[in-house]
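Before any comments, here is the structure.
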Amino acid sequence: MTVSFCGLELAHLVINGSGTFDVHAARRSFGAALDEQFPFAAFVSKTITLEPRTGNPPPRLWESAQGLINSIGLPNRGLEEYMREEVPALAGLRTRVSGGESVPAPLITNVMGASADALVRLVEACEERAEIAAIELNVSCPNVKSGLDIGADPAELEAVVRATRGRTRKPLIVKLTPNCADVAACAAGAQAGGADAVSLINTLRAMALAPARAAGRPPASGRQIGRQVGQRRAWLGASTGGLSGPAVRSVALAQVAAVAERVEIPVIGMGGVQTAGHARELLDAGAALVAVGTE
Amino acid sequence: MTVSFCGLELAHLVINGSGTFDVHAARRSFGAALDEQFPFAAFVSKTITLEPRTGNPPPRLWESAQGLINSIGLPNRGLEEYMREEVPALAGLRTRVSGGESVPAPLITNVMGASADALVRLVEACEERAEIAAIELNVSCPNVKSGLDIGADPAELEAVVRATRGRTRKPLIVKLTPNCADVAACAAGAQAGGADAVSLINTLRAMALAPARAAGRPPASGRQIGRQVGQRRAWLGASTGGLSGPAVRSVALAQVAAVAERVEIPVIGMGGVQTAGHARELLDAGAALVAVGTE
Amino acid sequence: MSHAPFARRPLSITASERYGPYVVLRAADPEGPAPAPGQFTMLAAAERWGGGEDGRPFLARAFSVARHRAGEVHYVLEDVGPGTGRLCELAPGERMWALGPLGRGFAQPTDGRRALLVGGGIGIAPLVILADTLADAGPRAGRGTPPSAAILGFRDGERARAASLIDGAQVATDDGSAGHHGPCTDLLEDELELDANAVVYACGPAPMLEAVRAICERARVPAQLALEAGMACGFGACFGCVVPRRGGGYLRVCVDGPVVGGEELERVAEPAGEP
Amino acid sequence: MSHAPFARRPLSITASERYGPYVVLRAADPEGPAPAPGQFTMLAAAERWGGGEDGRPFLARAFSVARHRAGEVHYVLEDVGPGTGRLCELAPGERMWALGPLGRGFAQPTDGRRALLVGGGIGIAPLVILADTLADAGPRAGRGTPPSAAILGFRDGERARAASLIDGAQVATDDGSAGHHGPCTDLLEDELELDANAVVYACGPAPMLEAVRAICERARVPAQLALEAGMACGFGACFGCVVPRRGGGYLRVCVDGPVVGGEELERVAEPAGEP
Ligand SMILES: Cc1cc2nc3c(=O)[nH]c(=O)nc-3n(C[C@H](O)[C@H](O)[C@H](O)COP(=O)(O)OP(=O)(O)OC[C@H]3O[C@@H](n4cnc5c(N)ncnc54)[C@H](O)[C@@H]3O)c2cc1C
Ligand SMILES: Cc1cc2nc3c(=O)[nH]c(=O)nc-3n(C[C@H](O)[C@H](O)[C@H](O)COP(=O)(O)OP(=O)(O)OC[C@H]3O[C@@H](n4cnc5c(N)ncnc54)[C@H](O)[C@@H]3O)c2cc1C
Ligand SMILES: Cc1cc2nc3c(=O)[nH]c(=O)nc-3n(C[C@H](O)[C@H](O)[C@H](O)COP(=O)(O)O)c2cc1C
Ligand SMILES: Cc1cc2nc3c(=O)[nH]c(=O)nc-3n(C[C@H](O)[C@H](O)[C@H](O)COP(=O)(O)O)c2cc1C
Ligand code: FES
Ligand code: FES
Chain A
45 MTVSFCGLEL AHLVINGSGT FDVHAARRSF GAALDEQFPF AAFVSKTITL EPRTGNPPPR
105 LWESAQGLIN SIGLPNRGLE EYMREEVPAL AGLRTRVSGG ESVPAPLITN VMGASADALV
165 RLVEACEERA EIAAIELNVS CPNVKSGLDI GADPAELEAV VRATRGRTRK PLIVKLTPNC
225 ADVAACAAGA QAGGADAVSL INTLRAMALA PARAAGRPPA SGRQIGRQVG QRRAWLGAST
285 GGLSGPAVRS VALAQVAAVA ERVEIPVIGM GGVQTAGHAR ELLDAGAALV AVGTE
Chain B
45 MTVSFCGLEL AHLVINGSGT FDVHAARRSF GAALDEQFPF AAFVSKTITL EPRTGNPPPR
105 LWESAQGLIN SIGLPNRGLE EYMREEVPAL AGLRTRVSGG ESVPAPLITN VMGASADALV
165 RLVEACEERA EIAAIELNVS CPNVKSGLDI GADPAELEAV VRATRGRTRK PLIVKLTPNC
225 ADVAACAAGA QAGGADAVSL INTLRAMALA PARAAGRPPA SGRQIGRQVG QRRAWLGAST
285 GGLSGPAVRS VALAQVAAVA ERVEIPVIGM GGVQTAGHAR ELLDAGAALV AVGTE
Chain C
16 MSHAPFARRP LSITASERYG PYVVLRAADP EGPAPAPGQF TMLAAAERWG GGEDGRPFLA
76 RAFSVARHRA GEVHYVLEDV GPGTGRLCEL APGERMWALG PLGRGFAQPT DGRRALLVGG
136 GIGIAPLVIL ADTLADAGPR AGRGTPPSAA ILGFRDGERA RAASLIDGAQ VATDDGSAGH
196 HGPCTDLLED ELELDANAVV YACGPAPMLE AVRAICERAR VPAQLALEAG MACGFGACFG
256 CVVPRRGGGY LRVCVDGPVV GGEELERVAE PAGEP
Chain D
16 MSHAPFARRP LSITASERYG PYVVLRAADP EGPAPAPGQF TMLAAAERWG GGEDGRPFLA
76 RAFSVARHRA GEVHYVLEDV GPGTGRLCEL APGERMWALG PLGRGFAQPT DGRRALLVGG
136 GIGIAPLVIL ADTLADAGPR AGRGTPPSAA ILGFRDGERA RAASLIDGAQ VATDDGSAGH
196 HGPCTDLLED ELELDANAVV YACGPAPMLE AVRAICERAR VPAQLALEAG MACGFGACFG
256 CVVPRRGGGY LRVCVDGPVV GGEELERVAE PAGEP
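Quick note, the sequences are listed as chains A, B, C and D, same order. Numbering of the first sequence is given in my numbering, commencing with residue 45 and proceeding in unit increments. Numbering of the second sequence is given in my numbering, commencing with residue 45 and proceeding in unit increments. Numbering of the third sequence is given in my numbering, commencing with residue 16 and proceeding in unit increments. Numbering of the fourth sequence is given in my numbering, commencing with residue 16 and proceeding in unit increments.
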């Protein structure tokens, strides 16, 4: 028994959160087992941008109370190389239906652009590729200036979604930002603009300071560290980052429930899912699929 | 050595977060020790509204991963009774300067109104009372519909602050909402409206579902529980609540740092402070005072 | 009632003993004030409080003081979740944080009424120290005060082993494996029929407390009910632990209770979310 | 390199032994693939991972496999924080979760070069299994392969007790309380002066690794450096564990390393935030 999501036939209800799983690297780490035991019903790519990005300077991780703060900064090889090198290798993924045969795990490509124009180009490029089953617009990444404002304003978001909507017949998923005043209004904007689904939550804007013992001292050469914050320095190379993991689960649940109540289109729920029970809660609260990232 | 904050002379840098300490009840629990060892450099009242409120139906608490979700719902006896019964009993608090004599712990009264009009009346009433040293405007409580929107929009917030500013010469502190797209912009709005200080963070909007074993069954009579959320019921009587405690500390740090960088007026930082080191981080990030709530 | 020191203090575990599924935890508390029966303490293990499934426990948990003797305090614990689970594993020498004694305890019997103690399951905890106090007071109370009686209900005989914590208690079990086969309220009704010049002290699950409340109301016997509620602070700060008050509004279980008069409630509400 | 099973597995602790401040933890791992020297495992205690100060640890932690023999895997741990602290307390019979072996290990010596193992502090861990492998290969490698040498630096003699994990290792200590008084790179320079037809395998604190890298660069000797970085996933998923790559961009320590060739780096950067 497969499940249907925006016209895709999926083996089950659990997918990965964008940027939290790398198929190529996992093949190097786990060999054939990765493909034989591929756990996700669909594979969501990390965020792809028009130009290549190396990502933020390290450190990129900080462990907080039951959470992880990351400032990865969307490293990716850019649209062209992604299409040429990565997409073919992501096309053949399959996932086992519980206890039964395996079915394709469709590829969902997550894209981000600093402008509606850039997003249109990204979406058009995805539209051309048969291997790509659906497109996720990242209008929510707190680590990069551009995406944020678009995603937090319902009207602007609607306009952006409308601009890209006309360029593809593939399912268009809008990944909302949690760093906004009214996420349900943003979801409604995405729906009005023509989105087929919304996904949430992305990470909450957060910060960590470098341990005090390092304070005051000039950074040793070669040592990278965030900018001055008051009397201290930020730990993360990018100074701020995004919080994920169990710490945000109750925030995710509130946002997913609010969005599922507001919009008709299906919702992909994520944020702090560690157990089947957590996934069940998001589904019960109205999500059609659940994604897992920080585990 | 006292410290000065908006013209108040304080014994030290730590105060309580609004709604997280009740002097009257603490006197019943701890007797004379409460006054002898009063720990806060100033006392912030719970939120006072024009009319009495009984608060939200129970349950009002849920423990999440390193956090607490509350939906207390601002129970209070209303402005009139607060002024008549509570203010006199809160006037004489004193706190010891480290190792030394005791100095007054001034009373900061936190108020919330559903409209600028209501806030003006609350502020005027505070202005009349000599026992009240400063006023905190709660424009951020996620449990109650009214406050939220005003606080999340910089321009509206500026207008509300301006409306109340003219009515008092006491220090006016604006308690910002963290559930917004750009808290620094909100802080700038508060400053432009004439605030003497801002405080943050209030709790993050969050939700918990009733354990699955209770799902599906009709609530036993007398048992109170939140509304239906998809297939389940919300645990909290008010259905949604606000998250505080260690889980939010990294979000608080990011917001406090962003606000302290943006505005000239002093910042009261709070959110997840459990240790002196946590307080130090907020101070280092630019807070002038630190408040503690969930411990 | 006793006032608590205005700071949590570390207590060193001196003994841990099982009574069926219950654990009696003893700790040295040389500086702790003598608690009134019915008062409680907020407890948290000093090490590794947290780190369980779902990252809990985080907050301290409320426990009735079950005994206070010779500088030692006793608690009776039932492992029902991450907090109680962690406390139940504490071994002699390990430490826990304690804030208390807190709250309003049982009011002493007046008018020459005899005390009827009614406990259900883990609800026996505050009745143990109440029985101790009544026994101590007995001789001094003089001829006028009739002897008290204790009625303890349990799910089964295994759990009923904890009845030995109160001398001479009558026992009822749901499965009949010890004592009376049926609810402990059957025995309460028998006692009240015998002699209604009594005051009832009860602690236990909400449905039992509600039954006791209703019986006492009907019999016009004062009832002192020790309530439970999820708590965050334990000293009136957070307004989180409320139950509806008869006539409107709410009571804070931690400062207006945990012991309330039956007349203060419309009914004893089951904690939300319970099946 | 070995591939890891695509799921974490529980390992049962079989022994825990102290070498000065270090703990050698052994666990039964009958199903685990044989790791290549330099590969690592993500470990987390099965119980009470979390609940420490600041609610940590939460994520699993990376540890070099130090030995793999007879169905047992060994790790050498230094208690530097909540994660290592918790693992160091594990007693025989307790369990931990393991994901691995992961990452790129040491490349075998080629061109008849002798292996020079240089370890600093806890950095000896991957060199133990490398020394095991070289010793096992020794007889088979035949006459052409000169014997390898190990040089281990420690802060003091107490820590230097761990040098006994590698037979015949030369020791240097910062305080001179055991072996050579000075940095272990002094001994490395001596060895290279004696015979530069070598490949250097190094693991240790960043400043030491950087010194080794620079020495090898000057001496035109290939260096295999086992790096450290804060990790979240351990298998290339999160892009969190990066270090700058020579020529621009970043390497992921977990999949492009932890062992990298000296030529892949401009320099070994100190982990951020360290004093
Ligand atoms: C005044 C008073 C005295 C008490 N005396 C005793 C005593 O003497 N002995 C004793 O054993 N117990 C006593 N209790 C009960 C005890 O405090 C609880 O059993 C304990 O808090 C449970 O904690 P836990 O972590 O083990 O279980 P929890 O997981 O906290 O579960 C306990 C109940 O809380 C609810 N719950 C579940 N998850 C959550 C969550 N995430 N957040 C909020 N609520 C949740 C559910 O209803 C669950 O059944 C007393 C309680 C009070 C208020
Ligand atoms: C490939 C590899 C192999 C390793 N092999 C070994 C080994 O064999 N034996 C061994 O003992 N160790 C080994 N380590 C190091 C080990 O993984 C770390 O010491 C461990 O992760 C520390 O965890 P902790 O919780 O004990 O300390 P932490 O508190 O995590 O402290 C460790 C360092 O992390 C930083 N830090 C502090 N707080 C935080 C935070 N909140 N979030 C993020 N970073 C923080 C600081 O720089 C601190 O000095 C290896 C590491 C790697 C990458
Ligand atoms: C290391 C890391 C990298 C991430 N990268 C991306 C990304 O590239 N694009 C994106 O839309 N979201 C990204 N996210 C957000 C996740 O997809 C997810 O929305 C968030 O982490 C919440 O889920 P979780 O708590 O299960 O991790 C990233 C999260 C983490 C932890
Ligand atoms: C139980 C509880 C009640 C609260 N009541 C109020 C309130 O009445 N008014 C208000 O402005 N904030 C209220 N808050 C928010 C706190 O003042 C504080 O902003 C927030 O809890 C974050 O700090 P913390 O993590 O230290 O608790 C309340 C918080 C809690 C936990
Ligand atoms: S537990 Fe906080 S008021 Fe009762
Ligand atoms: S630890 Fe996640 S990519 Fe290396």
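For each residue, glycine too, the CB sits at the ideal point set by N, CA and C.
Check: residue i C-beta below 6 Å from any heavy atom of ligand 7
i: T91 (chain B); result: Ligands displayed in this structure: ligand 1, ligand 2, ligand 3, ligand 4, ligand 5 and ligand 6; ligand 7 is not among them.
Beta carbon proximity, residue i to chain B, threshold 7 Å
i: S184 (chain A); result: no
i: G219 (chain D); result: no
i: G245 (chain D); result: no
i: K189 (chain A); result: The predicted model places K189 (chain A) with a pLDDT of 47, which falls under 50 and marks its position as unreliable; any figure quoted below should be read in that light. No, K189 (chain A) does not count as interfacial toward chain B.
i: Q275 (chain A); result: yes
i: A19 (chain C); result: yes
Of the listed residues the options, nearest to residue i (C-alpha basis)
i: L145 (chain D); options: D:Q185, D:A217, D:A284 and D:E46; result: D:A217
i: L54 (chain B); options: B:A196, B:F82, B:A162 and B:L78; result: B:F82
i: Q239 (chain D); options: D:G135, D:G249, D:G276 and D:G264; result: D:G276
i: L74 (chain D); options: A:S288, A:E325 and A:L327; result: A:S288
i: A140 (chain D); options: D:L180, D:R176 and D:A244; result: D:L180
i: P310 (chain B); options: B:V295, B:G321, B:L326 and B:H322; result: B:L326
i: A164 (chain C); options: C:R174, C:R176, C:G194 and C:V133; result: C:V133
i: Q123 (chain C); options: C:P259, C:A213 and C:A244; result: C:A213
i: T200 (chain C); options: C:V186, C:A193, C:S192 and C:D210; result: C:V186
i: E158 (chain A); options: A:R173, A:P101 and A:S184; result: According to the sequence as given, residue 158 (chain A) is Ala; it is not Glu. Comparing Cα-Cα distances from A158 (chain A) to each of A:R173, A:P101 and A:S184, the minimum goes to A:S184.
i: L333 (chain B); options: B:T139, B:E129 and B:A241; result: B:A241
i: A331 (chain B); options: B:G315, B:G337, B:T338 and B:E339; result: B:G315
Cβ pair residue i, residue j closer than 7 Å
i: A51 (chain D); j: G120 (chain D); result: yes
i: I152 (chain A); j: A178 (chain A); result: yes
i: Q14 (chain B); j: I245 (chain B); result: The structure shown does not extend to residue 14 (chain B), since chain B is modelled only from 45 to 339, so the question has no answer here.
i: P25 (chain D); j: R110 (chain D); result: yes
i: D328 (chain A); j: Q275 (chain B); result: yes
i: V107 (chain B); j: R71 (chain C); result: The identity of residue 107 (chain B) in the sequence shown is Glu, whereas the question assumes Val. Closer than 7 Å, so yes.
i: L201 (chain B); j: C224 (chain B); result: no
Min CB distance residue i to chain C below 7 Å
i: P119 (chain B); result: yes
Where residue i meets chain D, residues with beta-carbon distance less than 9 Å
i: N114 (chain A); result: A247, C253, F254 and G255
Listed by chain order, chain C residues near residue i by CB distance under 9 Å
i: G51 (chain B); result: Ordered by position in chain C, no residue passes the 9 Å Cβ test against G51 (chain B), which lies about 28 Å from the chain.
i: P290 (chain A); result: D69 and G70
Proximal chain A residues relative to residue i, where beta-carbon distance stays under 7 Å
i: A60 (chain D); result: Here the premise fails: no neighbours, minimum Cβ distance about 15 Å.
i: V258 (chain D); result: P102
Within chain B, partners of residue i - CB distance below 7 Å
i: L74 (chain C); result: E107 and L112
Short CB-CB distance (under 7 Å) between residue i and chain A
i: R158 (chain C); result: At R158 (chain C), the pLDDT of 48 sits below 50, so the modelled position is not reliable; the number obtained from the coordinates is stated separately. No, its Cβ sits nowhere closer than 7 Å to a Cβ of chain A.
Any C-beta of chain D under 7 Å from that of residue i
i: R140 (chain A); result: no
i: D79 (chain A); result: no
i: T91 (chain A); result: no
(request) Pick out the complete beta strand (DSSP E) segments inside the segment 173-220 of chain D, 3 residues or longer, and give them in chain order. (result) 185-188 and 213-218
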